[in-house]
Each structure stands twice: as structure tokens, then as C-alpha cells.
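This report refers to the structure that appears directly beneath it.
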């Protein structure tokens, strides 16, 4: 099954607020009126303008990171690397990309959002878009603050990895090879 990247939305965000009370009220540092849409993520609530996107996250979202964070997770030991080679290469299988076998190899920044990166990967070599070393069978994370995206490196190229527990992988340490 091929996975695609979805455009993040404000729906489900704890800071997304539709004010529905009949009497206007000053809340989160602004006067709120019935039927108005607000983001309460910053110091003060911010009202959505008519020109703001209706579904997608606006450019001014306080959670958005610019530039995005780029992290590469590599297999943490030579034993994990050999075991990974023996497993059938199915990135859709959660056993194939197990967080307990990965550790953070490098971290940097990238100007592209996950969606822009994946769109450009369809027409350009992904190696030209990334300025970091990406070992075989590694996982690349692009975190824009809204919805991090994960890409699995195979011999053929990159594919979208549907899920990867970065917190678990960050607790692991790279092991020295003997």
C-alpha cells in the first residue's frame, strides 16, 4: 500500500476555537463574538480572516516551524543492520521499521515542508534536496511543527513511512561497531 502525505489541518488542534456563545466576551486577550473562528495557540487569540484557508493550516500558525527540522535515524548497530537486511523489505510492516533498532544519527534544518519535499522528490533526485548523509535503511523525519513526516530509505529511493515513534528512537544510542 502506497502512502501519501496529507496536508495538515486545524481540525483536532486543541488551540482551534469556534466561539459560539450569544454574548460577546473578552477571552484569551481579545473580544470574541458569536460565530468567529480563533486560534488560541499564541500569547493572544488570533481571529481567522476571510482570506485564511478554510481547511489547511494558515501560514501564521504559531505551531509552524520555519525552517523545518530535519532528522535522520539510522540503525543503531551492525547487528540491527544485518537483521534488517534479512527481513523482507516491506516499509508498510511495522516490524520492518522498528523504533527500538534506530537511533538519531543527525539533525539539521531544511527549508522545505514535508509536502513540498515529497512533491519535489517526484521530479528531482532526493539526494539533491537533502544536505545530510542518509544511510541505507534509515528513516528521515521532516518536522514542520504541525505533522512530522517520515521517509524510509531503500536501495531504490525514498518511500513514505506511515508511522515512526521518534521519542522511542531518540532514547536509543548508536553502538560502536567491533
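Numbering (the numbering used here), first residue to last: 1361 to 1538.
Idealized CB from N, CA, C, for every residue including glycine.
Asked: Count the other CB atoms within 10 Å of the CB of residue 1383; is the residue buried (16 or more) or exposed (fewer)?; Found: exposed
Asked: Kindly identify the DSSP beta-bridge partner or partners of residue 1511.; Found: 1500, 1520
Asked: According to DSSP, what are the bridge partners of residue 1476?; Found: None; residue 1476 has no bridge partner.
Asked: Any idea what DSSP makes of residue 1399, helix, strand or coil?; Found: strand
Asked: What does DSSP give as the partner residues of residue 1414 in its beta bridges?; Found: In DSSP, residue 1414 forms no bridge with anything.
Asked: Taking a contact to mean a Cβ-Cβ separation below 8 Å, would you say residue 1497 touches residue 1463 in this structure?; Found: no
Asked: Measure the C-alpha to C-alpha separation of residue 1532 and residue 1380 and round it to an integer number of angstroms.; Found: 46 Å
Asked: Is it buried or exposed, residue 1446, if we count other Cβ atoms within 10 angstroms and call 16 or more buried?; Found: exposed
Asked: Run through the DSSP bridge pairs and tell me what residue 1469 is partnered with.; Found: 1429
Asked: Report yes if the C-beta distance between residue 1399 and residue 1376 is below 8 Å; otherwise report no.; Found: yes
Asked: Assuming residue 1529 and residue 1429 form a contact by the criterion Cβ under 8 Å, report the distance between their Cβ atoms to the nearest whole angstrom.; Found: Residue 1529 to residue 1429, Cβ: 14 Å. No contact.
Asked: Can you say whether residue 1438 is buried or exposed, counting buried as having 16 or more other CB atoms within 10 angstroms of its CB?; Found: exposed
Asked: From residue 1509 to residue 1365, what does the alpha carbon distance come to, in whole angstroms?; Found: 7 Å
Asked: Are the CB atoms of residue 1418 and residue 1401 nearer to each other than 8 Å?; Found: no
Asked: What distance in whole Å lies between the Cβ atoms of residue 1388 and residue 1404, which are believed to be in contact at a cut-off of 8 Å?; Found: 6 Å
Asked: On a CA-only basis, which of 1386, 1396, 1378, 1467 is nearest residue 1526? Give me that one, please.; Found: 1467
Asked: What does the alpha-carbon distance come out to for the pair residue 1534 and residue 1436?; Found: 4 Å
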